[in-house]
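Counting in the numbering used here, the sequence shown runs from 7 upward without gaps.
Just so it is clear, CB atoms sit at the ideal spot from N, CA and C, and this is done for glycine as well.
Single-structure report; data block below.
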Amino acid sequence: MPTPEPDTRRLIHRRQILCEAYERDDGLWELEASLSDTKTYPIPNRDRGTIEAGDPIHGMWLCLTVDASFEIRDVAVRMEKTPFAICPAIEPDYARLVGAHIGPGWNRRLRDLFGGTRGCTHIAEMLGRLGTVAMQAMYGRRRSGNPVDTTRKPWVIDGCHAWAADGPVVEREYPDWYTGKGS
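Okay, structure coming up:
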């Protein structure tokens, strides 16, 4: 998609979210996310004084340690830069995720646990993304070289357009679960 001529726009705000997945030697996985919000101009802030251009308004980090069944074993949250001094007080509350499973209903569970004043919208955004990062990293790694369990419907089926039960991807990847023509 073409963008406007350079002289018709100027950068005002940048949000960067980086998500990474690490496979550990002990069989666990670490799913990390960081979020940074910066402005291109200084803004006054009652808790921090002036936040200079380029200095993060939000600078946060999150790590979930999960096992091969997608169960969360540990959670670490660090809010290094926040607009309000009170923000980091919510960090310990995310330990409530220990024992939860990443999978169907993940975003609903996050809303139930941390919606509204029970959490931080920025941590919630990273948690939502780490759910899909877990699937991308761990699911692909688990399928690589391993036989597919055909006794249980794979969770990816009907999860999006490409994985429609009556579509060509399911017909090719999971023929036992294909519901289209000729099934």
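Checklist entry - Would you say the stretch 108 to 117 touches the stretch 125 to 136, given that touching needs at least three Cβ pairs under 8 Å? => result yes
Checklist entry - Per DSSP, S189 forms a beta bridge with which residues? => result Answer is none; S189 lacks a bridge partner.
Checklist entry - M85 lies in the beta strand (DSSP E); which residues open and close that run? => result I78 to K87
Item to check | DSSP bridge partner residues for M66 (one or two, in chain order) | outcome: L41 and M85
Item to check | For F90 and R54, the rounded distance between their alpha carbons | outcome: 8 Å
Checklist entry - Between the C-alpha atoms of P160 and T185, what's the straight-line distance to the nearest angstrom? => result 14 Å
Item to check | Collapsed DSSP secondary structure at E97 in the structure displayed | outcome: helix
Item to check | Candidates I108, C69 and D118, of which the one nearest E97 by Cα | outcome: C69
Checklist entry - Alpha carbon to alpha carbon, what distance is there between M141 and G134? => result 12 Å
Checklist entry - Which of helix, strand or coil does DSSP assign to H167? => result coil
Checklist entry - Could you give the distance in angstroms between the alpha-carbon of G125 and the alpha-carbon of D73? => result 24 Å
Item to check | Close-in-space but distant-in-sequence residues of the same chain around E77 (CB under 6 Å, 5 per side omitted) | outcome: H107
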